[in-house]
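For reference, the structure discussed in these notes is given below.
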Amino acid sequence: MTMADTHDRLDLPLAGLRSEFDGEVIAPGDAGYDQARTVFIGGPDRRPVVILRPAGTSQVARVVTLARESGLPLAVRCGGHSLSRYGVCDDGIVLDLSLMRALDIDVEHRTAWAQTGLTAGAYTAAVGAYGLATGFGDTGTVGIGGLTLGGGIGYLVRKHGLTIDNLLAAEVVTAHGEVRHIDAATEPELFWAIRGGGANFGVVTRMKFRLHEIPTIVGGMLMLPATPKVVVSLVEEALAAPDELTVMADIMVAPPLPFVPPEHHGTPAIMIRLCYAGATDAGERAVARLRGLAPPIVDLVRAMPYRGLYEMDEEYDQPLVAVRSMFVDSITLADAETIIEQIRATSAPMASVELRPLGGAMARVHAEATAFAHRSRRVMATAAVIYKRSEDRPRHEAWVEHLAAAIRDGSCDSAYVNFLGNDGPSRLRCAYPGATWDRLVAIKRRYDPGNLFRLNHNIPPGGTS
Ligand SMILES: Cc1cc2nc3c(=O)[nH]c(=O)nc-3n(C[C@H](O)[C@H](O)[C@H](O)COP(=O)(O)OP(=O)(O)OC[C@H]3O[C@@H](n4cnc5c(N)ncnc54)[C@H](O)[C@@H]3O)c2cc1C
1 MTMADTHDRL
11 DLPLAGLRSE
21 FDGEVIAPGD
31 AGYDQARTVF
41 IGGPDRRPVV
51 ILRPAGTSQV
61 ARVVTLARES
71 GLPLAVRCGG
81 HSLSRYGVCD
91 DGIVLDLSLM
101 RALDIDVEHR
111 TAWAQTGLTA
121 GAYTAAVGAY
131 GLATGFGDTG
141 TVGIGGLTLG
151 GGIGYLVRKH
161 GLTIDNLLAA
171 EVVTAHGEVR
181 HIDAATEPEL
191 FWAIRGGGAN
201 FGVVTRMKFR
211 LHEIPTIVGG
221 MLMLPATPKV
231 VVSLVEEALA
241 APDELTVMAD
251 IMVAPPLPFV
261 PPEHHGTPAI
271 MIRLCYAGAT
281 DAGERAVARL
291 RGLAPPIVDL
301 VRAMPYRGLY
311 EMDEEYDQPL
321 VAVRSMFVDS
331 ITLADAETII
341 EQIRATSAPM
351 ASVELRPLGG
361 AMARVHAEAT
371 AFAHRSRRVM
381 ATAAVIYKRS
391 EDRPRHEAWV
401 EHLAAAIRDG
411 SCDSAYVNFL
421 GNDGPSRLRC
431 AYPGATWDRL
441 VAIKRRYDPG
451 NLFRLNHNIP
461 PGGTS
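In our numbering, the protein residues as written are 1 to 465.
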């Protein structure tokens, strides 16, 4: 029996915390409780014993110690966008970093120290004022904490690599409540693990990122009709393009939105979100090649500041998601036919297969340099459904599973930890094949032998779940 099994929640010194804790203490019955336990993805109601929002690192250490000593489950949250809803728990402590949003920009040396309560959008807007950027993902509301710890695949992945390739140092509160300042020289194993190994090794309170000069980009959304040939050609063009160009292509049924001409509503389309991080005229030439693949249905691509990409964010209200993601080396005509056929066939309210052609700077980092192991894979493919009614879950999970099985390379089942949803624990091993898993387990055993940080895509200290 663990301490958590025997714990009486009344033991938690809430009254003391309210008077001494530097930050916010939100418990059942408090006005903000329901809002504070809400995360981005919808799902079963979860009721933590308390939500603690520390004002700084010393208070984070205090919460970690409190969780360890009380035996209560600990959910750590930055942006709250975990697809598995790890940012909230039942009968435990939520450590919510959202008050910790300091950003210290060193324009001269092109670096920034960021507290991990920041979202990608807030960070990008702040450094964008200096014409600088660090690459995160496709959505501004995602937290820099969760995204970076899993790898970070976004609009600059081909030009400047994964987000972790731009992480220079970090401040981490370990399971023992110690504050460590780590980088590749001072604590290389822990620093290796937090670059891709997810949330398993401690609470990362600050991250130091490399900044790149990106005054303007050519970017936005281009929608093309989806035929198998256009899908395959698009992937080939994107892989052969200069590293400056990164493309995310969602194959879907064209939605009945005002900017989509009515004759295309309900027809298969590719919604391409793209970023050319380089000279505008070269960007226009690169985009012209994509425009030439088929007459565009919608063309919203233009020169803009990099931070303008996050202005395309869509609004969701507690969506339910079914998602299966993998890395493949090619998209064949047969794959593209299957994708379009399945997209046409599903009755899901919103279904898509997203293809992200990779390569470039991400692939030039050695596979063993960080805990993100899939450097050489050429395309990330993700089947996803966004839906509303929980009773539809089996149908949508079956659809994404079926599609993923159809386009998987067969030889190597792979996964991106940040895109794991309800895949089940066995697929975590696909994110960390072979020696990567063994090394992560050894580091977990050293830094968190009691598995305090277990509400995550968990790497158990014993190696097996
Ligand atoms: C709409 C949407 C778009 C997305 N787009 C992309 C994309 O383009 N590219 C991409 O790579 N990923 C993308 N993701 C996936 C995203 O990177 C992961 O869901 C990520 O874990 C979310 O981080 P968060 O901080 O917002 O979430 P949270 O739910 O707060 O945290 C996620 C996990 O990380 C842990 N964690 C968070 N912060 C810390 C910290 N400081 N220290 C220790 N542990 C921490 C949490 O405990 C949890 O296990 C997207 C997700 C969504 C929902």
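Glycine included, each C-beta is placed from N, C-alpha and C at the ideal position. Since this is a predicted model, take the numbers as computed values, not measurements.
Going by the CB atoms, is the gap between residue 254 and residue 267 shorter than 8 Å?
-> yes
CB of residue 466 to nearest heavy atom of ligand 1: below 7 Å?
-> Residue 466 lies beyond the stretch modelled for the chain, which goes from 1 to 465, so this question has no answer here.
Just tell me which of 160, 433 and 206 has its CA closest to the CA of residue 180.
-> 206
In this structure, does DSSP put residue 432 in helix, strand or coil?
-> coil
Residue 261 to residue 325 span [Cα, whole Å] = 31 Å
Does the beta-carbon distance from residue 355 to residue 235 come in below 8 Å?
-> yes
Give the DSSP-derived three-state secondary structure of residue 224 in the structure shown.
-> Correct three-state label for residue 224: strand.
Rounded distance between the beta-carbons of residue 203 and residue 172, thought under 8 Å = Contact holds; Cβ gap of about 7 Å.
Which of helix, strand or coil does DSSP assign to residue 319?
-> coil
Does the distance from the C-beta atom of residue 22 to that of residue 49 stay below 8 Å?
-> no
Starting from the N-terminal side, write out each stretch of the beta strand (DSSP E) that is 3 residues or longer and does not extend beyond the segment 122-196.
-> 167-173 and 179-183
Can you name, in chain order, every residue of its own chain whose Cβ lies under 6 Å from the Cβ of residue 350, other than the five neighbours on each side?
-> Taken in chain order, the residues that qualify are 386.
Who are residue 80's beta bridge partners in DSSP?
-> Bridge partners of residue 80: none, in fact.
Considering only the beta carbon of each residue, do residue 444 and residue 166 sit closer than 8 Å?
-> no
Should residue 456 be listed as close to ligand 1, given that the test is whether its C-beta is under 7 Å from any heavy atom?
-> Yes; taking the cut-off as 7 Å, the Cβ of residue 456 has a heavy atom of ligand 1 nearer than that.
What are the start and end residues of the alpha helix (DSSP H) that includes residue 95?
-> Premise fails: residue 95 lies in the beta strand (DSSP E), 93-96, not in any alpha helix (DSSP H).
Is the segment 388-401 in contact with the segment 282-299, if contact means three or more CB pairs nearer than 8 Å?
-> no
7 Å CB neighbourhood of residue 319 in its chain, flanking five on each side removed | The beta carbon of residue 319 is closer than 7 Å to those of 41, 42 and 386 in its chain, skipping five residues each way along the sequence.
Quick one: Cα of residue 441 to Cα of residue 460, how far?
-> 7 Å
Unbroken beta strand (DSSP E) runs of length 3 or more, entirely within the segment 368-455: which are they?
-> 379-387
Residues in its own chain within less than 6 Å of residue 212 by CB, not counting five upstream and five downstream?
-> 133 and 160
Three-state class that DSSP yields for residue 110 in the structure shown = coil
DSSP on residue 460, reduced to helix/strand/coil?
-> coil
Start-to-end residues for the beta strand (DSSP E) that takes in residue 354 | 350-357
To the nearest angstrom, how far is it from the Cα of residue 329 to the Cα of residue 379?
-> 6 Å
Neighbourhood of residue 230 by C-beta distance below 7 Å, restricted to the same chain and skipping five residues each side = Within the same chain, and ignoring the five residues on either side of residue 230 in sequence, the residues whose Cβ sits closer than 7 Å to its Cβ are 224, 270, 293 and 294.
Just the C-alpha distance for residue 106 and residue 357, rounded to the nearest angstrom, thanks.
-> One C-alpha to the other measures close to 32 Å.
Is it buried or exposed for residue 34, if we count other Cβ within 10 angstroms and need 16 for buried?
-> Exposed, by the Cβ-count rule.
Should residue 75 be counted as a contact of ligand 1 given a C-beta to heavy atom distance under 7 Å?
-> yes
Work out the CA separation of residue 183 and residue 371 for me, nearest whole Å.
-> 14 Å
Residue 80 versus residue 96: straight-line alpha-carbon distance, rounded | 9 Å
Coarse secondary structure for residue 206, derived from DSSP in three states = strand
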